[in-house]
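Participant: The sequence shown begins at 1 in the numbering used here and counts up one residue at a time. Cβ coordinates follow ideal geometry from the N, Cα and C atoms, glycine included. If you're wondering where the values come from, they're calculated on a predicted model, not measured in any experiment. Can you read through this structure? Questions will come right after.
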Amino acid sequence: MHRFFCLLLLGLLSVPFIAAQGDFVIRDYRVDLALQQNGEFHVTERLTVDFLVPRHGIKRDIPLKYDVSPDVSGSSIDRWFSHELFLRQLRVEGHPFEKQFIGTGVQLKIGDPDRFVSGRQEYAISYTVQNGILFGKKADELYWNLIGDQWEVPIDEAGFRITLPHNIRSEDCNFEIRTGRYGSTEQSSSARWEGNTLRGESLVPLGQGDGMTLALRFPKGKIADYPQYRLWFYHGKFAILPLIMLASFILAWMRYGRDKRLADMVAYLPPKGVDSAMAGFAIDLRTHLRDMLSIIPYLGAQKYLRIEHEEVKGLFAKDSITFTKLKELPANAPSHQQVFFDGLFKSGSTVTLEDLKNKFYLTLNATRVAVGNSIMHSDYFTKTSKRLYWNSFWVIGLAGVVNAVFCFISGRIFFLILSIAMTILLMVLAYLLLKRSQQGDALYGEIRGLRKFIRLAEKDRIAFLVKEDPGYFDKILPYAVAFDLADVWCEKFKDIPVAPPEWIHSTSPHFYTSSGGFNATHFNETLSSSLSDMRSVMSSQPSSSHSSGGSGGGGSFSGGGFGGGGGSSW
């Protein structure tokens with residue numbers, strides 16, 4: 001029994017020691033690097049790992065993106081720049097592994113998820129590096145972290161072998177080796193030339209977070225620079241799909257969506273069967289808030305509703321606006337009028353503007369959709385362009401998602417943002433694919449002609465039209481509201497006698513009379529104030545109850561080169 005307790009105590013005392021050492025120790029770490037004339041070099045890392053507790057295997061992190069500073073390792077690098085390596089032919093001998101891009105590098109997860117290993121294990125990781133040479137003004141350089149400084153465990157022994165191509169002589173080269181933590185200038189290593197091969201090893205064990213960096217300089221012109229077209233293609237390939245999307249969109253617009261140029265015309269009357277909201281939408285294919293609010297004077301002029309405007313005096317007082325339903329809309333009224341009218345009088349035949357606060361925005365959203373549908377379901381656009389419009393959302397959305405996933409997996413954040421932005425932009429601009437039909441061209445010409453008339457018509461012409469139709473002011477006013485020309489329209493009636501609109505009543509003493517007649521200027525002030533209040537209140541929404549709240553280059557020191565990284569167990 002005494003012996004059992006001694007063994008138990010010994011086991012308990014050993015637990016902190018094992019924990020301090022980590023789950024494993026690297027007994028030996030060897031790096032073979034073969035430099036080629038084309039600028040590539042092949043790297044083989046051989047690790048002898050001693051697992052102190054059962055684990056699946058190891059993780060190896062290899063950085064791919066770096067920041068390089070001037071005068072790195074004594075080379076004539078004269079500017080700061082970012083540098084990126086490319087790996088190919090990445091293999092792990094005798095072990096299964098998974099590769100994934102994490103941050104600015106690649107991680108190898110080596111081992112079998114269904115099997116644990118313990119004791120000594122051998123791992124051989126090999127890969128070919130492209131774009132790994134620094135090209136300076138005076139010399140070219142291999143600046144490589146032979147042993148990365150991000151290993152979470154100590155390394156008992158470490159060594160390397162660098163093989164140069166036949167066109168580089170060892171006597172034309174010079175090198176420096178640094179060991180220790182990042183930024184260290186310690187030289188606890190030895191190296192020697194054996195022909196065109198440089199062999200070396202660390203003279204001391206490397207602790208957790210220690211690395212070993214080689215700076216090997218050789219004459220210019222011996223190693224080929226990485227072709228720029230390959231860099232352009234490597235980075236540019238992530239932009240290929242967005243560019244194809246953009247080019248396809250432009251071609252589709254030119255072939256199916258581009259409208260014909262129309263001759264200028266002037267229209268004195270609104271198009272038949274087109275109310276002010278549809279006219280406002282047809283101008284720019286967007287449903288503005290003013291387009292929907294123009295339904296109020298439009299239905300008011302047709303005696304479906306009335307507005308009572310009460311002027312309230314006081315520094316902080318607000319005028320009172322009351323809507324009264326006079327009669328129901330006919331069954332064949334356009335759907336957007338029905339949606340707007342029913343939402344306005346949802347709570348009864350008489351409602352105040354304050355009654356609509358934080359509620360009517362839902363009706364506005366539904367009206368916005370209904371206005372667009374009224375146009376889309378008419379003959380305003382060609383059938384081909386309407387099919388193209390609807391299908392474009394599926395095609396653009398699918399292509400955007402595929403490219404975004406591809407960029408995300410590859411760690412290309414810039415191109416991920418570019419892909420998302422391009423997808424959103426093309427979806428927003430998809431309305432450009434809609435092409436007016438022959439009937440649509442005629443209707444658009446009338447609407448544009450009416451807008452031009454409201455803006456530019458002379459008072460003599462308006463006075464003649466009012467004489468022909470005393471209700472002419474009231475008939476055109478809703479369209480002026482939709483075109484954002486209500487003040488222009490009212491100003492034209494400053495000296496033209498006209499009956500006041502019957503659908504709006506006001507307690508303002510200046511509303512009805514000015515020198516014995518209807519004051520269009522004061523009416524416009526009241527109308528503008530009322531529309532402003534309507535815009536503010538009707539679009540208001542209740543506030544939400546929820547709240548939301550690699551290695552750097554520079555200098556000849558350990559950890560300053562390319563390569564390196566580190567690893568852990570899993």
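1) Is Phe24 closer than 8 angstroms to Arg55 when the C-beta atoms are compared?
2) Going by alpha carbons, who is nearest to Tyr472 out of Pro501, Arg448, Tyr444?
3) In chain order, which continuous runs of the alpha helix (DSSP H) of length 4 or greater are located wholly inside the stretch 329–363?
4) If Ser528 and Ala486 are in contact, beta carbons under 8 angstroms, what's the gap, nearest whole angstrom?
5) Report yes or no: do the stretch 384–401 and the stretch 248–258 share at least 3 C-beta pairs separated by less than 8 angstroms?
6) Which class does Asn196 belong to by DSSP, given the choice of helix, strand or coil?
7) Taking Cβ to Cβ, would you say Tyr256 is nearer than 8 angstroms to Leu465?
8) Determine the DSSP secondary structure at Trp570, reduced to helix, strand or coil.
9) Taking the CB atoms as reference points, tell me whether Leu203 and Ser184 lie closer together than 8 angstroms.
10) Relative to the alpha-carbon of Pro63, which residue among Leu364, Asn145, Glu93, Ile110 has its alpha-carbon at the smallest distance?
11) How would you call Ser536, buried or exposed, if buried means at least 16 neighbouring beta carbons within 10 angstroms?
12) Below 8 angstroms between beta carbons: does that hold for Arg181 and Gly209?
13) Step through the CB atoms of chain D and report whether any lies within less than 8 angstroms of the CB of Thr324.
14) The alpha helix (DSSP H) with Ser320 in it runs from where to where?
15) Smallest Cα separation from Arg27: which of Arg217, Pro205, Tyr304, Arg387?
16) Can you check whether the CB of Ser276 is closer than 8 angstroms to the CB of Tyr479?
17) Compute the distance between the beta-carbons of Arg46 and Ala124, then report whether it is under 8 angstroms.
18) In this structure, how does DSSP classify Arg55 when only helix, strand and coil are distinguished?
19) For Phe340, tell me which candidate among Ile321, Asp355, Tyr361 has the shortest Cα-Cα distance.
20) Taking C-beta to C-beta, are Ile175 and Leu216 nearer than 8 angstroms?
21) Are Arg161 and Thr213 touching if we call contact CB-CB under 8 angstroms?
22) Per DSSP, Ala191 forms a beta bridge with which residues?
23) Would you kindly work out how many angstroms separate the C-alpha atoms of Ser506 and Pro271, rounded to a whole number?
24) So for Gln302, helix, strand or coil by DSSP?
25) What does the alpha-carbon distance come out to for the pair Ser76 and His83?
26) Between the Cα of Met534 and the Cα atoms of Lys359, Ala442, Glu186, which residue gives the shortest distance?
27) Helix, strand or coil, according to DSSP, for Asn519 in the structure here?
28) Rounded to whole angstroms, what is the Cα-Cα separation between Val117 and Glu201?
29) Helix, strand or coil for Arg258? Go by DSSP, reduced to three states.
30) Does any heavy atom of the ligand NAD sit closer than 7 angstroms to the C-beta of Leu344?
31) Should the stretch 437–447 be called in touch with the stretch 380–387, which here means at least 3 C-beta pairs below 8 angstroms?
32) Compute the Euclidean distance between the alpha carbons of Ile307 and Lys467, then round it to the nearest angstrom.
33) Would DSSP call Pro503 helix, strand or coil?
34) Determine, using beta carbons only, whether Leu293 and Lys325 come nearer to each other than 8 angstroms.
35) From the DSSP output, in three-state form, read off Asn174 for me.
36) Exposed or buried, Thr521, counting other C-beta atoms within 10 Å across all chains shown (16 or more means buried)?
Facilitator: Let me spell this out:
1) yes
2) Pro501
3) 335–344
4) 7 angstroms
5) yes
6) coil
7) no
8) coil
9) no
10) Asn145
11) exposed
12) yes
13) Going by chain labels, chain D is absent from the structure shown, which holds only one protein chain.
14) No alpha helix (DSSP H) holds Ser320; the beta strand (DSSP E) holding it covers 320–325.
15) Pro205
16) yes
17) yes
18) strand
19) Tyr361
20) Per the sequence shown, the amino acid found at residue 175 is Phe instead of Ile. Cβ distance < 8 angstroms, so Phe175 and Leu216 count as in contact.
21) no
22) Gly200
23) 31 angstroms
24) coil
25) Reliability of the predicted coordinates at Ser76 is poor, the pLDDT of 45 falling under 50, and the value obtained from them is presented with this limitation in mind. When rounded, the distance between both Cα atoms is 16 angstroms.
26) Lys359
27) coil
28) 28 angstroms
29) coil
30) The model depicted lacks the ligand NAD and carries no ligand whatsoever.
31) yes
32) 26 angstroms
33) Correcting the residue identity first, residue 503 is Trp in this sequence and not Pro. Coil.
34) no
35) strand
36) exposed
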